[in-house]
Every structure is written in C-alpha cells, then in structure tokens.
Amino acid sequence: MAENENEGGAQWRRAWARGTLLGLAVGDAFGTTLEFEVREAPPFPTLATGPHTDMVGGGPFNVAPGQVTDDTQMASCLALSLKEHGRFNAPDVAQRYVAWVPHAFDIGNLTHASLSMLARGVSLGDAARRAWIQSERRTAGNGSLMRTAPIGVALAENADSRRLAALADSAITHFDPRCRLACAAFDAAIARAASGPVEPSVMLDAAREELEEATRTLINLTPTDGLDVERARVALASDLDFASREDPDLYGPDLHLHRHQGFVRVAFRLAFWELLHAPTFEAALVDAVNRGGDADTNGAITGALVGARLGEEAIPAAWRARVLDALMEGPPGPLRDLYHPRRLLELDPDQAR
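If you count the sequence shown from 1, you need to add 269 to reach this note's numbering.
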C-alpha cells in the first residue's frame, strides 16, 4: 500500500508541475490573440464562453498558433536557472533576462527599463528600484507575476526559500511591494497543491497566509519601505477577498480590466476568481481571455494557478500539443530552442528543495 501511495504521489506531483508550467504557456498562447483588446463580456459571475475558443495565434504580434510571448519566455529563463543551480540564483536569472531582451518581440515597459539599466551596469539591487522611483512609486505591472510560477514548482517544499526567491525575482524588474507580495502569495498557492489535489479554498488560504509572512519578510528586507509594504498587503488581501465573491468588481473605478490592463492587482484578483469559480481549466481560460485587456498575461497567470490545482490532464490535449509543437518545424533559433515552453518542462520539481 505504501509503495502504491508513493507512486500515486509521484504521479500527481508530475501532473501538478506540468499542469502549472504548461498552464502558464497555454494561457499565454491562447490569450495573445486578444491582447490589448477591449472585449464585451457578460457581467460576473456569468462566464464568457467565447467567441475566442481555440488557439489560433495572430493578435498584435501575429504569432503562430501555439506560439508564446514574453510571459512564457521569461518563465523559461527562470526555470532553466532553477534547473541548473538547484536554487534561486538572482545574478544568473537577471543575466538570462538581459540576454533574452534582444529576442523579445513583446516586453513590458517596466521590464525593459529595469533590464536596460542592468545591461548598462546598474547593480542588481538598484535597477528596478530606480525604475519604480522614477514612476513616482506608482507603477506595479504584472510582469513579474506572469513568470513566477517556476519558483512555486521548484521550491514548493521550502517555504522560506520560495518566499525569498519570489520576492527577489520580482525585484529584478518590478520592485513595487504589490508585485513582490503578489508573487510570493501566488507561488504559495501553487505550492499548496503539490502533495495532492486540493479544493480551491485551500489554495486561497495559502495565499492569504503567505501575504502575512511575506509582508514581515519584506519589511525586514526593506525597512524604509515599510509603509508601502503594509499598504500593498492590505490591497492584495482585499483582492483575495473580492476573488471569493460572486462579483470580483473588476469593472469598477479602482480596478478595471481594460482601463487598468497590465496592473498586477487586476491579474492577481482575476486569476484567483477563476480558480474559485470556473469549473474547468478550459472554462477558466476562455472566460479570463475573452474579457480582453492584457489577455495573454491574464491567461498565463490564470492558467498556471488553475493548472496547478487540476493537473496536466485538465488542459485540453490539443492546446498542449499546439504549444509544445509551435515553431518546432522552423529553423533553429532562440525562440524555438531557448525560450520555448518545452524548456519549462525540463524543471524537475524534486531537484530544488
């Protein structure tokens, strides 16, 4: 019996890891078709069921069906670093991000600003902070949340290491505490599903608990930003509360899927709402993406979170195949060989502890 239980646990762990990582890539590739669009969708809690229901590519970057964008490409950089080092290595991750920039056809403003400073020799601890201060401490994009899932997979068993890695990875490009705490809470929710299928409420509780722990950690790391960190905690805690309601209030004056597209709190709240309310992976992704806005990143973040709960087999097989086969018949090159979703799946969830 024990042997069968161990085998079952290992099978689930693989399904959970691949569900998380493929969920990210599938959400990215599915959503890029509607990226930046203003779409009409039914009011919450009614789920959108279309019109975008298949992975067809196109969109503002005219990608091939199944081709991914910056969300997955940056996550692949992170995953390969975690694989090589068996832990989070901030200088190595930052170097990989900087090397990726010349190949990026889709890159956020804050990500570009921070990585450009790093390329010019600004220190790892200072580049993103400078970019944040230059925005008058207002910019809090979703560009670190979209790529953070490999940390939740690789460091699922070590809460302290996972927390520090999530906070540090975000700080390479997105120093705002809302971004950093969102990453820590998101990775904790993913990690909670590692040992076996759980109810969505269990993952929500893990995110809530992590917000408290990560807040204390971040205040210790950056005591001069303590007030900003506490305000960030309150804001993200309210996002989790709204995610548990029938209407997450994502078409309001404070948070709006279209007017505030790219804001980390929009993606964070929407992903947890889908986790708690959508019955299947496909339903979650179709709804999140058909609401428009930053559709590829909303899709990637939702896909990783829901994929962690439901596992690989919950992701439509045709979508998985399209993502893994995209660009593979073309000539060798970085987008095909280095920043491809296949590289994400090289991450062994039992390698780093």
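Built from N, CA and C at the ideal position, the CB exists for glycine as well.
Residue from the options whose Cα sits closest to the Cα of residue i
| i | options | result |
| --- | --- | --- |
| R389 | A363, G277, E426, T549 | A363 |
| A279 | A501, F537, G465 | G465 |
| G327 | M343, A344, D297, C346 | D297 |
| Y608 | T341, E309, D494 | T341 |
| R560 | L614, L347, F313, E468 | F313 |
| M415 | N567, P603, A586 | N567 |
| S413 | R431, Q403, G377 | G377 |
| L291 | R365, T315, F550 | F550 |
| N331 | L347, T315, F299 | F299 |
| W369 | N358, A359, C346, V391 | C346 |
| A540 | L505, P522, P603, V307 | L505 |
| T315 | G277, D510, I402, P548 | P548 |
| L433 | N358, L303, P371 | N358 |
| A647 | P492, R283, V295 | In the structure displayed, the chain extends from 270 to 622; residue 647 sits before or after that span and is not available. |
| R534 | E405, A344, C448 | C448 |
| L613 | A344, H527, P311 | A344 |
| V307 | D429, D518, A428, L526 | L526 |
| E481 | E468, L490, V503, T491 | V503 |
| E515 | P311, S385, T484, N489 | P311 |
| E304 | L616, A569, P601, A573 | A569 |
| D429 | E468, A483, V467 | A483 |
| Y520 | L490, P601, E309, L616 | E309 |
| T302 | D565, A460, F511 | D565 |
N- and C-terminal bounds of the alpha helix (DSSP H) containing residue i
| i | result |
| --- | --- |
| G465 | It is not in any alpha helix (DSSP H) - G465 carries neither H nor E in the DSSP assignment. |
| A553 | 550-559 |
| H625 | Any answer about residue 625 is impossible in this case: the structure gives the chain only from 270 up to 622. |
| R431 | 428-442 |
| G359 | Position check: residue 359 holds Ala in this sequence, whereas Gly was assumed. First-last of the alpha helix (DSSP H) with A359: 359-369. |
| I459 | 446-461 |
| Q342 | 339-354 |
| L496 | 495-512 |
| I402 | 396-403 |
| G572 | 564-579 |
| D589 | The amino acid occupying residue 589 in the given sequence is Arg; Asp does not appear at that position. Looking at the DSSP string, the run of the alpha helix (DSSP H) that includes R589 is 586-594. |
| P610 | 610-613 |
| V422 | 418-423 |
| H381 | 378-388 |
| D518 | It is not in any alpha helix (DSSP H) - D518 carries neither H nor E in the DSSP assignment. |
| D245 | The chain is shown only over 270 to 622; residue 245 falls outside these bounds and no answer can be derived. |
Cut-off 7 Å between Cβ atoms - residues of its own chain near residue i, not counting five sequence neighbours on either side
| i | result |
| --- | --- |
| G288 | G576, A577, L579, G580, E581, A583, I584 |
| A435 | T417, I420, C452, A453, D456 |
| E543 | A553, D556, A557, T571, V575 |
| L379 | A400, T408, G410, G412, T442, H443 |
| W285 | A462, A463, A577, G580 |
| L387 | A363, V367, L393, A396 |
| T318 | V555 |
| P446 | L487, D494, D497, V498, A501 |
| S513 | L473, L545 |
| R611 | L593 |
Beta-carbon contacts of residue i that lie in its chain and below 6 Å, excluding the five residues immediately before and after
| i | result |
| --- | --- |
| D530 | Checking the sequence, you will find Gln at residue 530 rather than Asp. Within the same chain, Q530 has close Cβ partners G562, D563. |
| F537 | A451, D508 |
| P603 | H372 |
| F374 | F330 |
| A382 | A400 |
| E479 | A453, A454, A457 |
| G277 | none |
Neighbourhood of residue i by C-beta, 8 Å cutoff - its chain only, sequence neighbours within 5 removed
| i | result |
| --- | --- |
| D361 | S350, E353, H354 |
| E272 | Caution applies to E272, whose pLDDT of 49 falls short of 50 and renders its modelled position unreliable; the value that the coordinates give is listed next. The answer is none, since no qualifying residue turns up. |
| M270 | Confidence is the limiting factor: at M270 the pLDDT is only 42, short of 50, which leaves the residue's position unreliable and the question unanswerable from this model. |
| R365 | C346, L347, L349, S350 |
| P618 | R282, R283, W285, A286, V422, A423, A425, A463 |
| R605 | L596, M597, G599 |
| S385 | V370 |
| R477 | A454, A506, L509 |
| E615 | A348, L349, K352 |
Per the contact definition of three or more C-beta pairs closer than 8 Å, is the stretch 331-350 in contact with the stretch 584-594?
yes
Is there contact here, the stretch 430-449 with the stretch 386-403, by at least three beta-carbon pairs under 8 Å?
yes
Is the stretch 351-368 close to the stretch 316-331, with three or more CB pairs under 8 Å?
no
So does the stretch 534-549 actually touch the stretch 472-479, counting three or more Cβ pairs closer than 8 Å?
yes
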